[in-house]
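Numbering (the working numbering), first residue to last: 1076 to 1208.
Quick look at the structure:
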């Protein structure tokens, strides 16, 4: 089982939406969606969560990191530490401030818009790749 399958199964067994599970873990609904799909929408490659993400999921599912890791199969890659600093532009900081002011419904709506846009970009990249091949 990979982490996406675990999250999906846990959510369904506990009647949680992606938003509710994300709120429980301190992760966005969009992130939960990407995690469950297992594909990085930017690169189209397998999505690899960080160890910090797995810790959040373990704690939120009343488990511990060791137990969660034991449930995952050998195909699940994990990033131990993110060594690349993330630069946040002033515009991005302003977007984050505005996002944090939204209620749960507003955040879900914004997450949906982002998911749609990323899916369009992924389809466009796939089409361009198919045309080049």
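Ideal Cβ placement from N, Cα and C applies to all residues, glycine included.
Predicted, not measured: the structure shown is a model, and the values here were computed from it.
Exposed unless 16 or more other CB atoms sit within 10 angstroms - verdict on residue i
i            : result
residue 1101 : exposed
residue 1182 : buried
residue 1086 : buried
residue 1188 : exposed
residue 1108 : buried
residue 1094 : buried
Selection from the options that minimises the alpha carbon distance to residue i
i            : options                : result
residue 1098 : 1172, 1186, 1123       : 1186
residue 1127 : 1144, 1121, 1118       : 1144
residue 1190 : 1105, 1170, 1082, 1092 : 1105
residue 1179 : 1086, 1103, 1089       : 1103
residue 1081 : 1095, 1092, 1110       : 1110
residue 1155 : 1146, 1140, 1166, 1164 : 1140
residue 1091 : 1122, 1123, 1136, 1125 : 1136
Short Cβ contact (8 angstroms threshold) for residue i with residue j
i            : j            : result
residue 1177 : residue 1153 : no
residue 1151 : residue 1206 : no
residue 1119 : residue 1201 : yes
Tell me whether the segment 1194-1202 and the segment 1114-1133 touch, counting them as touching only if at least three CB pairs, one residue from each stretch, are closer than 8 angstroms. The segment 1194-1202 makes contact with the segment 1114-1133, as at least three CB pairs between them are under 8 angstroms.
Enumerate, from N- to C-terminal direction, the unbroken alpha helix (DSSP H) stretches of 4 or more residues contained entirely within the segment 1109-1141. Fully enclosed alpha helix (DSSP H) runs of 4 or longer: 1126-1135.
To test your reading of the DSSP string, which unbroken alpha helix (DSSP H) runs of 4 or more residues are found completely within the segment 1136-1205? You should have 1140-1146, 1165-1176.
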